[in-house]
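Residue numbers (the working numbering): 1 to 555. Have a look at the structure below, then the notes.
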């Protein structure tokens, strides 16, 4: 499922501070951030789950609007110098952190890179306007960041309908994130029609992969319980009763609607938009049937429907054989990344690339590693079809790796930045391997639950057109979980407890020696006899004896 929104805003790139900016449907929060940070482009990604290309096929829109696991941000900032650009970048990440309720403020110099071959600005507006300063591309990612309803709510608030009308009225955190895979994207571009007419264009998209049978089962039985005997699908050719059953496979019949998937229907169209809200179904009409439950008339074109009223709409799909679907379009490349080695002080990365097509592909492999992962570029080896292996010193490697861009990490200041421009022959599998060492961290640099490991952000795999240099397809691998030597965090606690105990015992002994006087037992009794308490006690005893004696005297 894919939800797409687009909003435009006319604005001056260099506004007069004395003039108040006017906003109509464009989100003012984003507009103010862009103007204060001089951001000419902004791209934000929220991803959750793992995309299974074998089962789900090619990514929508060639993967250009999808991100990896966690949060990913890159922007093009106009500034006088690189230092000034980084100051604006820090301001941008902090502002977006508050706007989207995400930990983007943790993107600092140790996680920021400047890509060279990919993530490049659109640049079409540069042909129609003269900028006052240079442009700087900065990118950062947080693979450990969880994506939840707190991020979806600001996403919906940026829309003109605020999630109250149109297809956005379907989106709720409980249903959106109950998916096999989800990806949210926010893209802001600068578009100039003339030197005096420029505007921001914002595109928002949300892609979901849902397992329909699981969703329907959960709706029917929110709390898992054993299926009653009369509801079990048993093989009737064999003996079956309430206690014996040879279960049949799940039924291929499906009948579901938007209410079943999202718990609500579409509350009318977005009547503020220049074009009507459109809902399209990409199905095999020979096996599937689409119906619309609404009291309003619909304007349809094939399997696309325009929602022109404020009435409720519920679209339903039904089939007798859910296995008959439209053929999936296979991705032009498959990629996976894994860790090798089991040592506490060293390891390795391995990237497998498979070109299933009949054409050679120009592929860029973009990697960012944290500063505590110390790469050794001279250990780069390439294996072609698991038969021939070349290292970086072989000249034959140039037939696969055309160019290498590498910026080594600086401890606690900048990450490692690696870009490999490769040529993957047709129907060929290429394996890239690199070795690294693990640096030691300070005690305070370990995150919570340090024994879980450190998340390494996904590798970005891009297919580049050799003539136009544009990205034809882009995908991301899964995150890697790296374990580092972890100290015993209970040891400081034990040391504190033992030290405090020893100090308390020593202090008590010394305090007694300094404040008390050592005397004999006879002297102590003599002193006690002179005390006021002892005199009072003695008089009370004498009075008690006198009263007892008077009672015992004969009458």
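Ideal Cβ positions, reconstructed from N, Cα and C, are used throughout, including at glycine. The structure displayed is predicted, hence computed values, not measured ones.
Go to residue 510, then tell me how far its beta strand (DSSP E) extends in each direction, as first and last residue. Where residue 510 is concerned, there is no enclosing beta strand (DSSP E), although the alpha helix (DSSP H) it sits in stretches over 490 to 515.
Let's test the definition: count the other Cβ atoms within 10 Å of the Cβ of residue 244 and tell me whether it reaches 16, buried, or not, exposed. Burial call: exposed.
Go ahead and label residue 246 buried or exposed: buried means 16 or more other beta carbons lie within 10 angstroms of its beta carbon, across all protein chains shown. Under a 10 Å Cβ-count criterion, residue 246 is classified as exposed, with fewer than 16 other Cβ atoms of the shown protein chains found around its own Cβ.
Nearest residue (CA-CA) to residue 363, options 339, 370 and 419: Of the listed residues, the one whose Cα sits closest to residue 363 is 419.
Considering Cα atoms alone, identify which of 348, 318, 323 and 354 is closest to residue 334. It is 354 whose Cα lies nearest to the Cα of residue 334.
I believe residue 110 touches residue 416 by the beta-carbon criterion, under 8 Å. Please report the beta-carbon distance rounded to the nearest angstrom. Going by Cβ atoms, the distance from residue 110 to residue 416 rounds to 11 Å, so no, they are not a contact pair.
Given a cut-off of 9 Å, decide if residue 339 and residue 482 are closer than it, judged by their beta-carbon atoms. Closer than 9 Å, so yes.
For the alpha helix (DSSP H) containing residue 176, list its first residue and its last residue. Counted as a single uninterrupted DSSP element, the alpha helix (DSSP H) harbouring residue 176 occupies residues 173 to 176.
Starting from the C-beta of residue 175, find all residues in its chain whose C-beta is less than 6 Å away, skip the five residues before and the five after it, and write them out in chain order. Spatial neighbours of residue 175 in its own chain (CB-CB distance under 6 Å, excluding positions within 5 residues in sequence) are listed in chain order as 262 and 263.
Would you say the region 384 to 402 touches the region 455 to 462, given that touching needs at least three Cβ pairs under 8 Å? No, they do not touch.
Determine the DSSP secondary structure at residue 18, reduced to helix, strand or coil. Bear in mind that a pLDDT of 49 at residue 18, under 50, signals an unreliable position, so the number given afterwards is only what the model happens to contain. Reduced to three states, the DSSP call for residue 18 is coil.
With the cut-off set at 9 Å, would you say residue 138 and residue 85 are in Cβ contact? Residue 85 sits close to residue 138, with the two beta carbons spaced by under 9 Å.
Evaluate residue 38 with the Cβ neighbour count: other Cβ atoms within 10 Å of its Cβ, from every protein chain shown; 16 or more gives buried, anything less gives exposed. When all chains shown are included, residue 38 counts as buried.
Which residue comes first and which comes last in the alpha helix (DSSP H) that contains residue 527? Where residue 527 is concerned, the enclosing alpha helix (DSSP H) starts and stops at 521 to 529.
Three-pair Cβ contact test at 8 Å for the region 429 to 440 versus the region 371 to 386: The answer is yes - the region 371 to 386 touches the region 429 to 440, with three or more Cβ pairs under 8 Å.
From what residue to what residue does the beta strand (DSSP E) around residue 257 run? Residues 254 to 257.
So, do the region 35 to 50 and the region 67 to 87 have three or more beta carbon pairs nearer to each other than 8 Å? The region 35 to 50, when compared against the region 67 to 87, does touch it at the 8 Å Cβ threshold.
Among residues of its own chain, excluding the 5 on either side of residue 251, which ones have a beta-carbon nearer than 8 Å to its beta-carbon? In its chain, beyond the 5 residues on either side, 233 have a beta carbon closer than 8 Å to the beta carbon of residue 251.
Pairwise C-alpha distance: residue 484 and residue 347: Rounded to whole angstroms, residue 347 and residue 484 show a C-alpha spacing of 10 Å.
With a cut-off of 8 Å on the beta carbons, I'd call residue 145 and residue 103 a contact; round off their distance for me. About 6 Å; that satisfies the 8 Å criterion.
Assuming residue 58 and residue 330 form a contact by the criterion Cβ under 8 Å, report the distance between their Cβ atoms to the nearest whole angstrom. Between the beta-carbon of residue 58 and that of residue 330 there is about 6 Å, and that keeps the pair under the 8 Å contact cut.
Alpha carbon to alpha carbon, how far is residue 289 from residue 379? Straight across, the Cα-Cα distance linking residue 289 with residue 379 is about 56 Å.
Tell me where the alpha helix (DSSP H) around residue 217 begins and ends. Going by DSSP, residue 217 is part of the alpha helix (DSSP H) stretching over 212 to 220.
Other residues of its chain near residue 161: CB distance less than 8 Å, five sequence neighbours each side excluded: Taken in chain order, the residues that qualify are 168, 169, 270 and 272.
I'd like to confirm the pairing. Which residues does DSSP put opposite residue 27 in its beta bridges? In DSSP, residue 27 forms no bridge with anything.
Our contact map puts residue 426 next to residue 360 with C-beta atoms below 8 Å; I'd like the distance itself, whole angstroms only. Between residue 426 and residue 360, the beta carbon gap of about 6 Å places them in contact (Cβ cut-off 8 Å).
Looking only at C-alpha atoms, which of 375, 326 and 332 sits nearest to residue 350? The shortest C-alpha separation from residue 350 is found at 375.
By alpha-carbon positions, which one of 365, 133, 301 and 370 ends up nearest to residue 464? Ranking the options by Cα distance to residue 464, first place goes to 365.
Span separating the alpha-carbon of residue 18 from that of residue 267: Legend: pLDDT at residue 18 = 49, less than 50; position of this residue unreliable, no value from coordinates given.
Please list, in chain order, all residues of the same chain as residue 287 whose beta carbon is under 8 Å from its beta carbon, the five residues on each side excluded. Annotation for residue 287: 319, 320, 321, 324 and 325 place their beta carbon closer than 8 Å to its own, counting only its chain and skipping 5 residues before and after.
State the Cα-Cα distance for the pair residue 31 and residue 91, rounded to the nearest angstrom. Rounded to whole angstroms, residue 31 to residue 91 spans 14 Å at the Cα level.
So, does the region 175 to 188 touch the region 58 to 70, judging by three or more C-beta pairs under 8 Å? Output reads yes: the region 58 to 70 touches the region 175 to 188.
In the DSSP output, what is residue 77 paired with across the bridge? BP columns for residue 77 point to 39 and 136.
My output table needs one value for residue 50: the three-state DSSP class, helix, strand or coil. If DSSP states are grouped into helix, strand and coil, residue 50 belongs with coil.
Taking the continuous beta strand (DSSP E) assigned at residue 429, which residues delimit it? Its beta strand (DSSP E) spans residues 428 to 438.
What's the call for residue 23, buried or exposed, on a 16-neighbour Cβ count within 10 Å? Under a 10 Å Cβ-count criterion, residue 23 is classified as exposed, with fewer than 16 other Cβ atoms of the shown protein chains found around its own Cβ.
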